[in-house]
Structure formats: C-alpha cells, structure tokens
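Here the sequence shown is numbered in the working numbering, starting from 832 and rising by one per residue. Reviewing the structure listed below.
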Amino acid sequence: MIAINGGKPVRDSVIYYGFQWIDDNDVKAVSDVLKSNFITCGPQVAALEKRLCEYTGAKHAVVVSNGTAALHCACIAAGIGEGDEVITTPLTFAASANCALYCGGRPVFADVDMETYNIDPQSIREKITDKTRAVVAVDYTGQSVKIDEIRKICDEFGLYFIEDAAHSIGTTYKGKKIGSLADMTTFSFHPVKTITGGEGGAILTNDDELYRKLVLAHTHGIEKNESLMEDAPHEGMWYYEQLALGYNYRMTDFQAALINSQMNRLDFFVARRKEIVNKYNEAFKDIPELIIQKEIPESDSCRHLYVIRLDLDRLSCTRREFFDAMSAENVQCQVHYVPVYWFPYYRRLGYEKGLCINAEEIYKGIMSIPLYPKMSDDDVNDVIEAVSRIIAEYRK
Ligand SMILES: *Cc1c(COP(=O)(O)O)cnc(C)c1O
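Here is the structure:
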C-alpha cells in the first residue's frame, strides 16, 4: 500500500506505537552497578522495592524478572491450584490468563464494558462458580478498572483480587495510586511500558502473609532468615531452608538501577503521556468515524496505550486496510489485543469464539496509535494528520 498523498507519507521516518526513553543518567546508573560488587541480589533491588512502596502507598513490594513472573507469583501466593478458576478479561496480553494455567488453574473470561473496554464487574459476577478463587483484572490501556465494585464482589465470594497493572503505573483511582488497592498488584517494566528495566516486574501487597509467599515464590522457596526457618536453630552460617517450591524470578541489580533511575522521571513521563492523550482526544472528538475509549470519572489515568476504534459502518475500508494505510504513512500501529481465547493454544483447551461478544466486537475495530513521552509535538501532529488523511480517504 502507498501513502495517500500521491505516495508521499506524512513523515519520512517510522514512528512506533511505543518506545522507551533512556537518558545519560540511566546509562550511568546501569554502568555504576556493572562496575560494583553486586550485579544481582544487591542494594538496587531493595532500593527499588522501597521506592515502589513509597510511590504507590503499598506496604510491601517484591521485584521480579518480568511482569509475567509477577502474575505467576501472585497466583502462587493466592494458592491457585488444580481445577481452580481465575476470572480475567480476554482483551489483554496472554500472560494475564496464562498465569492461572501455570498453576494448574483455568482462566475464565468475563466480558468487557463497551465504553471503557475494561472488565465488566457484572460479567465477573455471572462467571463465578464454586471453583472460582481469584480475579485478575487488567487496567487496560492504563485506565483503572472499577476497583470498588470488584473489591465488593471479591469480598462477597472470598476471592483474591489481583490487579494486572502492567499498563497503569502512575494512574490513580479515587485519588489513590494504583498499587495499594487490590490484594496484589502487578507491574511490568518492559520497554513499551511507562518505565523500563529492559525486562522487569513487581508485585505489591499490603498483606504480610501474601508478601511472605511472594518472597518465597520468586527465589526458589528458600529462606535464609533463621527466625523464619522450620528446623531452627540452624547448623551454621551456611544453612538455609527450602520451605516451598519457588522459581528463580529475581531481577538483576543493573535492571533495578535502570528502573530506579527511570523512577526519577516517572512524574514527568506521566504528565507527558497525559498531555499527548489530551491532544489526541481533542483532535479526534469531532470525527464520527472514530470511537474513543471512555474513562470512568474515578480513574485519573496515565495511559500506556492510546486506542482508536474505527466505526467500520462509516468507512469504506477494513481495519486491516486502515492499519496498512497508517504503516504507509510511516506510523506503525499495533492491535491490543486479539482476544486471548482465540489463540490456537486456548482453542485446544476447549475455548471457543463467541465467549465474550463485547470484547470481540471491540477487537474488530481497534488499533493502538503511537503514545510515549519521547514523542515530540510534531510527532503527535504527524499521527493526527495520518489518521485524518486516511479517514478522509475512506469516509463513506
Ligand atoms: C506487558 C504485559 C504483561 C507482561 O509483562 P512482561 O513484563 O512483558 O512479562 C502482562 N499483562 C499485561 C496487560 C501486559 O501489557
């Protein structure tokens, strides 16, 4: 496909839907650790855990190797096992559902709200059985889920509320930072997320018992603190005990140093993301061919993704043609997400299309356009121009 304006794209260089912003301070923070004595299990990880608690107001944080490991640890701490059901959304990255499978559990997909695209509390309610143990609610694109409603359901049925906040560090719900509001909240520090360590993740909780299980889960189930051992007094300084089956999900100290350094700019990243989102909202609000994701008033969102949804009845192109036309303008979009249960692996587990009609309807028309703090105002205007040109070309 060629660009609309006689083959001349809106911009010469390609812009992607997400991109990290690493500055010289970040590079120095990493190289300082590489020259130090501890490149893993050192002070930077502990400092990051403390910092995440201070930032979010959570009592405990456990830093792990990635956001998927964070979700796995959360399911372990919640005691998910053979036959247990975990309710989540289909409009998410596969890890939000896979974490239940890792533990022998079964993901159950609740449908999403047609306006916010977030998991619908009413649909959660309808999917609860006597096997349900937890809800993994995803703050899709960075907008908080309806925390109070989900809390109420979880309390009523004795379920763990796990918030997959891979998209939503920096978001507040009713004035409180995401991170301290669910039983456990997980973050990801993948490069497209709001702050990065290359890879990285964290689980936050206010619960002392869950915290202890999370600590064991991410480092082999091994305990080195004598007061917490079962066979103490121990035999000598070399002694440690394995108390549970855990994994090696530790983060290196140089990754933690990078994230610590990125946290110095987190408030700025949040503000810049909001600024760009406002520009997009303003530019698109009067374009009837575009449906814009609505926000609940309780969520003051730091958006990780900006999703446009095409009203395909008003356009003479398919979503694929629109997407390819954006690529021809050198604006590289992405689609978040193919409903998880559509994947062949899930199909083989017995899931079928048609399970969540709202999520499937939303999926048909969405794409994520570039959103990251390092974008200049010119970049933002190029994206708006590309969208506008393509809409004008295919308007019915
Ligand atoms: C990125 C992401 C994850 C997984 O995080 P990784 O750090 O890539 O393992 C989980 N859930 C959602 C919603 C994500 O976007």
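Glycine included, every Cβ here is placed at the ideal spot set by N, Cα and C. None of these values were measured; they are calculated from a predicted model.
- Judged by the Cβ position, K977 fails to qualify as a neighbour of ligand 1 at the 7 Å threshold, every heavy atom of the ligand being at least this far.
- Within the same chain, Cβ atoms closer than 7 Å to the Cβ of M1206 are found at I1107, the five residues on either side in sequence being excluded.
- Within a 10 Å sphere around the beta-carbon of Y1176 sit fewer than 16 other beta-carbons, which makes this residue exposed.
- DSSP links S1130 through a beta bridge to Y1004.
- Beta-bridge pairing by DSSP links M1094 to no other residue.
- Burial is judged here by how many other beta carbons sit within 10 angstroms of a residue's own beta carbon; E913 has fewer than 16 and is exposed.
- Around I959, the same chain offers F988 as residues with beta carbons nearer than 6 Å, after the five sequence neighbours per side are excluded.
- Runs of the beta strand (DSSP E) lying entirely within the stretch 969-1018, each at least 3 residues long, are 991-995 in chain order.
- Ligand 1 has no heavy atom closer than 7 Å to the beta-carbon of V1046.
- Going by C-alpha positions, Q1163 is about 24 Å away from W1173.
- Contiguous alpha helix (DSSP H) elements confined to the stretch 1034-1084 occur at 1039-1049, taking only those with 4 or more residues.
- Distance from the CA of T1002 to the CA of W1069, rounded to the nearest whole angstrom, comes to 44 Å.
- Here the stretch 842-859 makes contact with the stretch 1197-1212; the two share three or more CB pairs at distances below 8 Å.
- Buried is the label assigned to S1132, since at least 16 other Cβ atoms lie within 10 Å of its Cβ.
- Remark: the C-beta of T923 is in contact range of ligand 1, defined as less than 7 Å to any heavy atom.
- When beta bridges are read from the DSSP output, I835 appears opposite no residue.
- With contacts defined as CB atoms closer than 8 Å, H1049 and C930 fail to qualify as a contacting pair.
- Take L1045, set aside five residues on each side of it, and the residues of its chain with a beta-carbon closer than 6 Å to its own are V893, C904, A908 and I1034, in chain order.
- Using a cutoff of 7 Å, the CB of G973 does not count as near ligand 1, since none of the ligand's heavy atoms is closer than that.
- When the five nearest sequence neighbours on each side are left out, the beta carbons in the same chain lying within less than 8 Å of the beta carbon of A889 are those of L883, G1010, S1011, T1016, L1035, T1036 and N1037, in order along the chain.
- Residue environment analysis places V1169 among the exposed positions, since fewer than 16 neighbouring C-beta atoms fall within 10 angstroms of its C-beta.
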